[in-house]
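Residue numbers (our numbering), protein chains in the order written: chain A, 1086 to 1408; chain B, -12 to 506. For glycine and all other residues, C-beta sits at the position ideal for the given N, C-alpha and C. Bear in mind the structure is a predicted one, so any value in this text is a computation, not a measurement.
Spelled out as C-alpha cells, the structure:
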C-alpha cells in the first residue's frame, strides 16, 4: 500500500508564494499581538494566583463571580474542564505586594469569599501562586531556553550539513514558533510553562522533519551532480513525501488524542503541539528547502558547484561512511 | 539462524527482561510527580540579609564592649545596612588605642576613615561565605522539619538562584500548616526584662525619655491571660543580648502548664544549663522574658536558680504546641524565609490527570499501531514490536534512574511513540524504494537500514538538544517531560535500528531466497 505512487510534485516552484504567505501570517500575528498588548502571559510569567474549586453541585459562573465581588483585582472566572465536573477556575493578577508572607493572601481571600457566599460545598482541586520574582525569572529562562535550543540545533546542522542548511532550518523553526504563538494568541491561550515546553518540543520536531529532507538532499547531490539545486531538493522532498505525510499524520493524531482525552491540564500543551506539527511539516517542505536553495544558489551555480564550493570534506566523509 | 542473529535476539530478550524487572511492580517502582500524586511545591527565598545583620550587630556589640572596658569614649556606634556599621567621633587622642582595640577583637570588616568617623564594611568574600552558609543552614533546618512532618519522598534542595530553596511535599493536604512549620524562624531567646509590661509601644519608649539605651530593646508580648480574658498585647523593655538562646536547647516537647493548657517544655544542654543557672542566680526576683521570634510569650518572675528546664506558655492549641515543639527541636532558621511560589495539586485532580493521561496515551498507541498494521502489513507488526519494546525500555530506564513521572511526562510517552513510528516509517519507506529499484528483499532491507541510520542519528541528536534545554528550563512537571523524552529518544535508536532489523533478519533467515517482503 502507498499513499503516493512515485510522487513528482513541483514544490519548489511555489517557494516564493509560500514565503509570502508565511510572512503574511507571521506579520498578521505580530500585528494582532501588538494590538492586544503583547503575547498574553499566564501567571507562570506575570505572577498571580489561580484557584480551581470543584463544587458538589452545578454552579453558574455568574454566581461565583458575584460571590467574589469583595475580592479586589481584575478577576478571570471560567468553568474548568468538563461541564459535569462543576469546577471553576479563578485567576487573580499579580499581587501589589512585592513578595513575602502575604503571597497566599489572595488565595485565602478567594476561599473565604466562596465559603461565605452560601454556594454548594467545594474542594480546592489546585492552587497556584507565583510571585513576581519567579515570574520574571521564568520569563527570561523560557526565552533563553527556546533561543539556545534553536542555536544549538543550528550549530549541529551546520557541522553535519552546510551553513546554508542551518540557516534554512533556523528560519523554518523560528517560523513555526511564531506561527504557533500567533495561533495561541488568536485562540486565547495564555503562555504557560507547559506551552513553552510544547514550543521547545516543536523546535525539536520541526528540525527533525527538516533533517530528513536535508539528509536526502545531501545524498542526491552525489547522484544528481549535473542537475540544478532546485531539482535536487525537489526530488528529495518528493522522495520523502510518503514518510512526511505518514509521520506528521500519525503524530498529529496521537497528539489529537492527548488534546481530546488528556484532561484540562494538558489542553494548552496539546493545542500547541497540534499547530506546531502542521506548521513544522509545511515549513520543512516550503520554507527550509526554499531558503536552503536561495542561499545555496547565491553561493554557486548548480548542485555540483555548490558541493565543490561548500563542504567537500563532509561529502567525502559521508561517502566513506556509506561504502 | 546465524550465530550473529542469535546473539542479537538474546540481547533483545535480556534488555526487555531487565526493563520489566526494573519497573515491576509499577505502582512502587515508577515514582509519580506532584502533579499526578497531589501535594505542594514551594519555592522560598532565604533572607540572607538577616544573617548579615545579626553578624554586624554582634560585631558592633563586641566593639562597643571592648571600647567600654578600655574606656575609649566614642560618639556612637550605629548599624546601617546589614553589612555595615559606623563608629562616630573617635577622639583624636585615643585614635591609636582605638586601632589597637580593633586589632584585638579581629573584625572581618574593611575599615575606612573620614576624620574622626570610621565605617566598617563586611568583607565581600565573608559576605558571600555567610550568605552561602546561611542558605545551607536553612536547608538543613528545613530538611529536619520536613522529615519530622513524616512526608514520604520529600524534596528539599537549593533552587536556581543562589538564595532560593525548593521544597516539594507529595501527598500533603494541610498546606498552610506545612508552610507555617517550614517558615517559622523558631528563634528562642531568654532575656532579662528591664521594665514592663507597658500598654503600648509609645509608653514603653517614654519610660526611657524616648531614648532607649542601645543595649535594650522594646518587644511586643502576650499579657497574662490566666484570668480568662481575651489575649492582649503588651510591650516589654528587655536586654538586647539574650542570656540563653535556642542553640543551647537539648529537647523541646509539648506538655501542659499548671492550668492544664497546652504548653511546650524544653530542656537545655550542659552549656546552656550553666549559663541559665548563673544568670537566674544573679537575677532572682526579676522577670525573665521567654522570647520566640521577637515576641515575648511569657515573662515569669525568677524565684530561684533554674538550671536546665523551662516552659513556654501561651494560648496554644494542642497542635500548635506540638508544631512549636517540632520547630524548636529542629533548630532555629538562621534567617527568615519568604515564599516566592506555591503550587498545590489536590489528590483528586492528580488521580483525574493520571486517568486522562493514560487514556490519551493508550488511545494514541492503539490508533498508531492499527494504522501501521494496515499500511505496512507484516512489517507493521515489526513496528508494533519495536515500539512496544521501546515503551517497556522507557518504563524500565525511568524506574532504574529514579526518574519522576509527571503529566507532561505522559505527553513524552506519546511523543516517544511518534518518534518510534517516524523511525520505522523512514526505514520502511526506504526499503520500499530499494525494492522498487529492483533490489531483492535481503539487499533492500540491508540498504534501507544502512542508508537511514545516519538520518535517524541526526534527527535524534537534534531532538536531544531541544530536550536538554527543556530540562534546563523547567522544574517539576516539565523536567519530567524532558527526562521521558530523552530516555525515549535514546531507547528509540536502539529499538528502531537494532530490534527492528533483527526482526527483519529473522524473517529473512527462514527462507533461502525470499522473493517478496510484506511491507
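Under the 8 Å criterion on CB atoms, residue 1286/A is classed as interfacial with respect to chain B.
The Cβ of residue 461/B sits closer than 8 Å to at least one Cβ of chain A. Residue 475/B sits away from residue 413/B, with the two beta carbons spaced by 8 Å or more. Annotation for residue 241/B: the continuous beta strand (DSSP E) segment containing it runs 236 to 243. Selection 494/B, 329/B, 392/B and 486/B evaluated against residue 0/B yields 486/B as nearest (Cα-Cα).
The beta carbon of residue 473/B is closer than 6 Å to those of 454 in its chain, skipping five residues each way along the sequence. Under the 8 Å criterion on CB atoms, residue 132/B is classed as non-interfacial with respect to chain A. Within the same chain, 1323 come within 6 Å of residue 1093/A by CB-CB distance, once the 5 residues on both sides are set aside.
The beta carbon of residue 160/B sits no closer than 8 Å to any beta carbon of chain A. Apart from sequence neighbours up to five positions away, the residues of its chain that approach residue 244/B with a beta-carbon distance below 8 Å are 250, 298 and 300, ordered along the chain. Interface annotation, residue 13/B: not in contact with chain A, CB-CB separation never under 8 Å. A distance below 6 Å between beta-carbons, with the five flanking residues on each side excluded, links residue 295/B to the following residues of its chain, in chain order: 254, 255 and 260. Counting C-beta pairs closer than 8 Å gives fewer than three between the segment 1136 to 1147 of chain A and the segment 1231 to 1247 of chain A, which falls short of the contact rule.
Residue 317/B has its alpha-carbon roughly 20 Å from the corresponding atom of residue 304/B. Taking a beta-carbon distance threshold of 8 Å, residue 1211/A counts as an interface residue toward chain B.
Within the segment 267 to 322 of chain B, complete alpha helix (DSSP H) segments of at least 4 residues are found at 305 to 316, given in chain order. Bridge pairing for residue 107/B: 72/B and 98/B [DSSP]. For residue 31/B, the uninterrupted beta strand (DSSP E) run begins and ends at 26 to 33, by DSSP. With a threshold of 16 other beta carbon atoms within 10 Å, residue 1231/A meets it and is buried. Within the same chain, 33, 35, 38, 321 and 322 come within 7 Å of residue 121/B by CB-CB distance, once the 5 residues on both sides are set aside. Rounded to the nearest whole angstrom, the CA to CA distance from residue 79/B to residue 199/B is 28 Å. For residue 145/B, the enclosing beta strand (DSSP E) stretches over residues 142 to 145.
In the structure shown, residue 199/B adopts coil according to DSSP, grouped into three states. By the rule that beta-carbons nearer than 8 Å mark a contact, residue 40/B does not touch chain A. Taking all protein chains in view, the Cβ of residue 202/B is surrounded by fewer than 16 other Cβ atoms within 10 Å, so the residue is classified as exposed. Residue 1274/A is outside the set of residues whose beta carbon lies under 8 Å from a beta carbon in chain B.
Secondary structure at residue 44/B: helix, using DSSP grouped into helix, strand and coil.
Listed along chain A, the residues sitting closer than 7 Å to residue 330/B by beta-carbon distance are 1213. Burial is judged here by how many other beta carbons sit within 10 angstroms of a residue's own beta carbon; residue 1112/A has fewer than 16 and is exposed. If you draw a straight line from the Cα of residue 1091/A to the Cα of residue 1328/A, it is about 13 Å long. The count of Cβ pairs closer than 8 Å, one atom from the segment 1260 to 1272 of chain A and one from the segment 1305 to 1324 of chain A, stays below three, leaving the stretches out of contact. Around the beta carbon of residue 409/B, a 10 Å sphere encloses 16 or more other beta carbons of the protein chains shown; the residue is thus reported as buried.
In the assembly as shown, residue 1102/A is an exposed residue. Its beta-carbon has fewer than 16 other beta-carbons within 10 Å. Between the segment 85 to 92 of chain B and the segment 46 to 60 of chain B there are three or more inter-stretch CB-CB distances shorter than 8 Å, so the stretches are counted as touching.
At a cut-off of 8 Å between beta-carbon atoms, residue 454/B makes contact with chain A. Around the beta carbon of residue 469/B, 16 or more other beta carbons lie within 10 angstroms, which makes this residue buried.
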